[in-house]
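**Q** My questions will all concern the structure given below.
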Amino acid sequence: MTTGGKRPQAQLDLAPEENAPPRHILRLRNVINARPFQYAILILIFANAALLGLETLPPIRENHLALFLAIDRAFLVVFLGELAVRIYAWRQRFFRDGWNVFDFVIILISALATSNLFAALRAFRVLRVLHVVTMIPRMRTVVRSLIDSIPGILSVGVIVVLIVYVFAVIASNLYGAAHPVLFGDVFVSMYTLFQVMTLEGWAEIANTVAGTHPNSWIFFITFVLIGTFTMLNLFVAIVVRVVEEDSEHTEDLLVKETDEVQLEVQALRREIRTLTALVETIEARGREPDGKAE
């Protein structure tokens, strides 16, 4: 004989994710990543930069140095607190990001520079301003692009040195006897040609040499065209190309992350619908009348 009674409610075993951070950590991360928090830190960085610049003015340095140092220490405390909060929010993951390590190093150096034990490093407090690089994504892209372009820049730099060396040897042989100050030997010639390459005062140098060698304009114009306009434009082209590649890569990553988030949201919605249907089924069975005894 079967006796009626309430059927026990089924319990769903929804164990939390093992590696999921606590709820207060997630909330803390959301606060750190929020725009108001980011803008507040940016304002403090620019204010600190302005303070460090004003501190170099003689009237302020003589009359208000103690006040400015106190305000600077207050800025340092805020930045150290922000760094500590970020380390607490991300724990070991914080040091896996190169930009976070960069922040940690520059803030640590600025903290040491503020200490009386490292008075010689006081000028390095301004490194704290570089914290703005990690706060603005586009600036990170530019810095990353500059770092990525170093191999190409080094290659072009070697070519530039070779070109300057070749022209320096030619100039020493052609103009060294008449102008030893400008082209006395290959090293003096390389220094002079470097000045010509920067286009700073190169007309005076060319006119000086033209006084004894009227056809020297051919040499200088050829060097300026090859060494300045062509090679320096190569530097710019390399940097621009790398910036474009990094920007496209960043956009691809953002698109990929957006797609992944959308897929995760869709999966979560399907799971929620499944769980909702399961809960409704369990509740419907719980409301069924008790079985009758036979």
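For the record, in the sequence shown the residue sitting at position 156 is 156 according to the numbering used here, with numbers rising by one throughout.
We put the CB at the ideal spot given by N, CA and C, even for glycine.
All figures in this text were calculated on a predicted structure; none of them were measured in a lab.
For residue 140, which residues in the same chain have their Cβ closer than 7 Å to its Cβ, ignoring the five residues on either side in sequence?
**A** So the list reads 99, 133 and 134, once near-sequence residues are dropped.
**Q** Could you work out which residue in 188, 151 and 155 is closest to residue 167 when comparing CA atoms only?
**A** For residue 167, the nearest C-alpha among the options comes from 188.
**Q** Suppose you measure from the CA of residue 24 to the CA of residue 238; what does that come to, to the nearest Å?
**A** If you take the alpha carbons of residue 24 and residue 238, they lie about 46 Å apart.
**Q** How close, in whole Å, do the beta carbons of residue 32 and residue 86 come, if the pair is a contact with beta carbons under 8 Å?
**A** 6 Å between Cβ atoms; contact.
**Q** Any idea what DSSP makes of residue 152, helix, strand or coil?
**A** Helix, per DSSP.
**Q** Does DSSP put residue 185 in a helix, in a strand, or in coil?
**A** Note: residue 185 maps to coil in three-state DSSP.
**Q** Considering only residues of the same chain and omitting the five flanking positions on each side of residue 276, which have a CB-CB separation below 7 Å?
**A** Taken in chain order, the list of residues that qualify is empty.
**Q** Starting from residue 29 and walking both ways along the alpha helix (DSSP H), at which residues does that stretch end?
**A** Note, residue 29: alpha helix (DSSP H), 23-33.
**Q** Just how far apart, CA to CA, sit residue 210 and residue 200?
**A** Residue 210 and residue 200: Cα-Cα distance of roughly 18 Å.
**Q** Could you check the C-alpha separation between residue 34 and residue 90 for me, to the nearest Å?
**A** Rounded to whole angstroms, residue 34 to residue 90 spans 15 Å at the Cα level.
**Q** Assuming residue 223 contacts residue 193 under a Cβ cut-off of 8 Å, what Cβ separation, rounded to an integer in Å, is found between them?
**A** 6 Å between Cβ atoms; contact.
**Q** Would residue 281 be called buried (16 or more neighbouring beta carbons within 10 Å of its own) or exposed?
**A** When all chains shown are included, residue 281 counts as exposed.
**Q** Expressed to the nearest angstrom, what Euclidean distance is found between the alpha-carbon atoms of residue 197 and residue 234?
**A** One C-alpha to the other measures close to 14 Å.
**Q** Check whether the stretch 36-50 and the stretch 72-81 touch, using three or more Cβ-Cβ pairs below 8 Å as the test.
**A** Yes: the two stretches touch, three or more of their Cβ pairs being nearer than 8 Å.
**Q** Could you give the DSSP three-state label for residue 131: helix, strand or coil?
**A** Reduced to three states, the DSSP call for residue 131 is helix.
**Q** What separation, rounded to the nearest whole angstrom, lies between the Cα atoms of residue 60 and residue 40?
**A** About 26 Å.
**Q** For residue 231, which residues in the same chain have their Cβ closer than 6 Å to its Cβ, ignoring the five residues on either side in sequence?
**A** Within the same chain, residue 231 has close Cβ partners 160.
**Q** Using C-beta distances below 8 Å, list every residue in its chain close to residue 185, excluding the 5 sequence neighbours before and after it, in chain order.
**A** Here the set comprises 172 and 176.
**Q** Report the option in 212, 71 and 203 whose CA atom is closest to the CA atom of residue 220.
**A** Considering only alpha carbons, the answer is 203.
**Q** Expressed to the nearest angstrom, what Euclidean distance is found between the alpha-carbon atoms of residue 112 and residue 215?
**A** In a straight line, the C-alpha of residue 112 is about 59 Å away from that of residue 215.
**Q** Given this structure, state the Cα-to-Cα distance separating residue 93 from residue 21, to the nearest angstrom.
**A** So the two alpha carbons sit approximately 12 Å from each other.
**Q** What do you reckon, are the CB atoms on residue 131 and residue 103 nearer than 8 Å?
**A** Yes, they are a contact pair.
**Q** Take residue 13 and list the residues in its own chain whose beta-carbon comes closer than 7 Å to its own, dropping the five residues that flank it on each side.
**A** Low confidence applies here, because residue 13 scores a pLDDT of 43, under 50, leaving its location unreliable; read the following figure in that light. Contacts found: none.
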